[in-house]
Amino acid sequence: MVTDPATMLSSDIVLIPGIEDAMSAGERWHLPRPGTDLYLQCSGVGMEDGMTSVDILIMTALQEEYSAARTVGSTLACAAGRPTQWQDRDRGAANPYEYTEIAETHGGVLAVALARPVRMGGRSISPAAAGLVERLKPQVLAMSGVCAGNPKVAALGDVVVAEMVYEYDEGKQIENAFLGDHRQIPMEQTWVRAAQDFSPIALPSYGEVTRKEARLWFLERLYAADEPRDHLARPRYFPRGNWDNWVRELETDGLINRNGPGWTLTDDGRRFIERKLYDDVGGPERLPFAVHVGPMASGSFVVKDGVTWDRLGQQGVRTVVGLEMESATIATVAQHGRVPHWLVVKGVMDHADPSKDDRYKRFAAQASAEVLFALLTDLLVPRTESLG
């Protein structure tokens, strides 16, 4: 038996952003939080097989990204009064996928397919996505997951929506230089505007910081040799009027010292933050993350050199925000398969530098899936009431 969303307790729910404006007066659409009794009660009879098309086909490159998208989809299915258990389709075939149905903001139901290849990268995702596009004829080919973010634009944990995608390593290598020959694919302008206007503050992974979290952020920035005062995320961690008092507290506690106009870690401060980072094996659960809309570059290898961002700018796209391996393939498959829309949303797990690690990976995958589903449920209108 599926629990009526109207009976949900305030402690067990999270409100979908924008849903109040889109639905009739007095109606609200809520998501049960994963792990609550209400979430576990959302179950039902499997949907019928045999549909010939879906509204949304979502691809991921990694199992962790797939699990995050699956979790968010299950939660939305429960809110729509649909079974939360994804239904296996074509198991044993070359391109298996899972199916569910979710509500969109205008009150209809969207049919969703979720799939992944066995390896990351454009070569692996291309045949899987192309085969499923031909089989399911989606309105939109979408992708969530993780990426590297330009440190001048995106902080760790932020989410990037691809305004335009391209393969940055397409071109000609000559003796002393690489000559790019990029084929850029832009996203539809109405969708770009919707992404620019989107706010993540009502999503489950978004959270305002406490004083304790702000202190840790400040110490971590110094440990990474960043300047906290000039960091793009400083206003999110130090609301207006709190900078002087909170920083002075760190000095009083013996964790930082003045170094010219700025600050440096004391020995105690360095030991303190090293232990905190070592013990933080699971990474953050909630962050005051931002959503950035900009170019996303795809390549054929994982980058950890710290200099690629300057090279990308020199090749002609100085505003690139995200770097990963599959987005250009997704847009290309959508273009050649005559899919009306494509959407790539990825969370920043590192900055493609030598300090790259996986501490933000789980959060980035989860936050990107939440943003992806929130955008899709607002932008798409279902073709039929139910395709299951």
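For the sequence shown, our numbering assigns the number 18 to the initial residue and increments by one for each residue that follows.
Built from N, CA and C at the ideal position, the CB exists for glycine as well.
So the candidates are the options; which of them puts its Cα closest to the Cα of residue i?
i	options	result
glutamate 266	Asp285, Arg232, Gly299	Arg232
proline 217	Glu387, Leu396, Leu393, Asp261	Glu387
glutamate 343	Gly90, Ala145, Trp103, Val71	Ala145
proline 252	Leu304, Gly271, Val298	Leu304
leucine 249	Leu392, Leu173, Phe380, Glu82	Leu173
methionine 10	Ala391, Trp359, Ala382	Given that the chain is displayed from residue 18 to residue 405, the structure contains no residue 10 and the question cannot be resolved.
valine 298	Glu115, Asp375, Ala194	Asp375
glycine 139	Ser84, Glu184, Tyr83	Glu184
threonine 346	Pro134, Leu93, Cys95, Gly98	Pro134
isoleucine 142	Met366, Trp263, Ala351	Ala351
glutamine 80	Gln104, Tyr377, Ala132	Ala132
aspartate 284	Arg292, Arg328, Gly277	Arg292
glycine 354	Ser84, Thr88, Glu151, Gly124	Glu151
arginine 200	Val226, Thr92, Ala314	Ala314
List the DSSP bridge partners of residue i.
i	result
methionine 160	Met76, Val361
tyrosine 183	Ala314
valine 176	Val308, Gly364
valine 126	Ala120
aspartate 105	Glu115
isoleucine 273	Leu282
leucine 340	Ala165, Ala314
isoleucine 202	Val182
Go ahead and pull the three-state DSSP assignment for residue i.
i	result
histidine 368	coil
glycine 286	helix
proline 144	helix
threonine 69	coil
glutamate 115	strand
glutamate 215	Contrary to the premise, residue 215 reads as phenylalanine rather than glutamate in this sequence. The answer is coil: DSSP assigns phenylalanine 215 none of H, G, I, E or B.
glycine 35	With a pLDDT of only 39 at glycine 35, under the threshold of 50, the placement of this residue in the model should not be trusted; the figure read from the coordinates follows. Correct three-state label for glycine 35: coil.
aspartate 150	Sequence inspection shows valine at residue 150; the aspartate mentioned does not correspond to that position. If DSSP states are grouped into helix, strand and coil, valine 150 belongs with the helices.
arginine 228	helix
glutamate 192	coil
valine 62	At valine 62, the pLDDT of 34 sits below 50, so the modelled position is not reliable; the number obtained from the coordinates is stated separately. Correct three-state label for valine 62: coil.
valine 388	helix
tyrosine 406	Since the first residue of the chain shown is 18 and the last is 405, residue 406 is not available in this structure.
leucine 294	helix
glutamate 268	helix
threonine 53	Below a pLDDT of 50, predicted positions are generally treated as unreliable, and threonine 53, at 42, falls in that range; no measurement from the model is reported.
arginine 245	As written in the sequence, residue 245 is proline, which differs from the arginine given in the question. In this structure, proline 245 counts as helix in the three-state DSSP scheme.
arginine 136	coil
lysine 131	Just to set this straight, residue 131 is leucine in the shown sequence, not lysine. Strand, per DSSP.
proline 399	coil
alanine 165	strand
proline 301	coil
proline 252	helix
methionine 40	Reliability fails at methionine 40, whose pLDDT of 34 lies under 50, so the model's placement of it is uncertain and no value is given.
leucine 393	helix
threonine 20	In this prediction, threonine 20 has a pLDDT of 37, which is less than 50 and means its spatial position is unreliable; what the coordinates show is noted afterwards. DSSP places threonine 20 in coil when its eight states are reduced to three.
glycine 354	coil
asparagine 262	helix
arginine 99	coil
alanine 171	coil
glycine 330	helix
valine 209	helix
aspartate 29	Only weak support exists for where aspartate 29 lies, its pLDDT of 43 falling under 50; the value from the coordinates is given anyway. Note: aspartate 29 maps to helix in three-state DSSP.
lysine 321	coil
alanine 348	helix
arginine 335	coil
arginine 257	coil
Compare the beta carbon distance of residue i and residue j with 7 angstroms and say whether it is the shorter of the two.
i	j	result
valine 338	valine 177	yes
alanine 179	valine 361	yes
valine 356	phenylalanine 215	no
alanine 86	isoleucine 73	no
valine 310	alanine 369	no
threonine 14	glutamate 121	Because the chain here runs from 18 to 405, residue 14 falls outside it and cannot be looked at.
aspartate 175	phenylalanine 390	no
glycine 162	lysine 363	yes
glycine 300	phenylalanine 380	yes
serine 70	leucine 153	yes
asparagine 167	tryptophan 326	yes
glutamine 383	serine 222	yes
alanine 78	valine 365	no
aspartate 186	glycine 316	yes
alanine 96	threonine 117	no
threonine 336	proline 371	no
Item checked: Stretch-stretch touch, CB-based, cutoff 8 angstroms, three pairs: the region 100 to 116 with the region 154 to 166 -> Judged by Cβ distances under 8 angstroms, the region 100 to 116 makes no contact with the region 154 to 166, as fewer than three pairs qualify.
Next item on the list: Could you say if the region 286 to 293 and the region 198 to 211 meet the contact criterion of at least three C-beta pairs nearer than 8 angstroms?
Entry: Because the criterion of three Cβ pairs below 8 angstroms is not met, the region 286 to 293 and the region 198 to 211 do not touch.
Next item on the list: Assess, as a yes-or-no matter, whether the region 319 to 338 is touched by the region 123 to 131 under the definition of 3 or more beta carbon pairs within less than 8 angstroms.
Entry: As far as the Cβ criterion goes, the region 123 to 131 does not touch the region 319 to 338, which means the pair count is below three.
Notebook entry, point to check: Would the region 235 to 244 and the region 258 to 273 be scored as touching if the rule is three or more Cβ pairs under 8 angstroms?
Noted result: Flag = yes, the region 235 to 244 and the region 258 to 273 touch.
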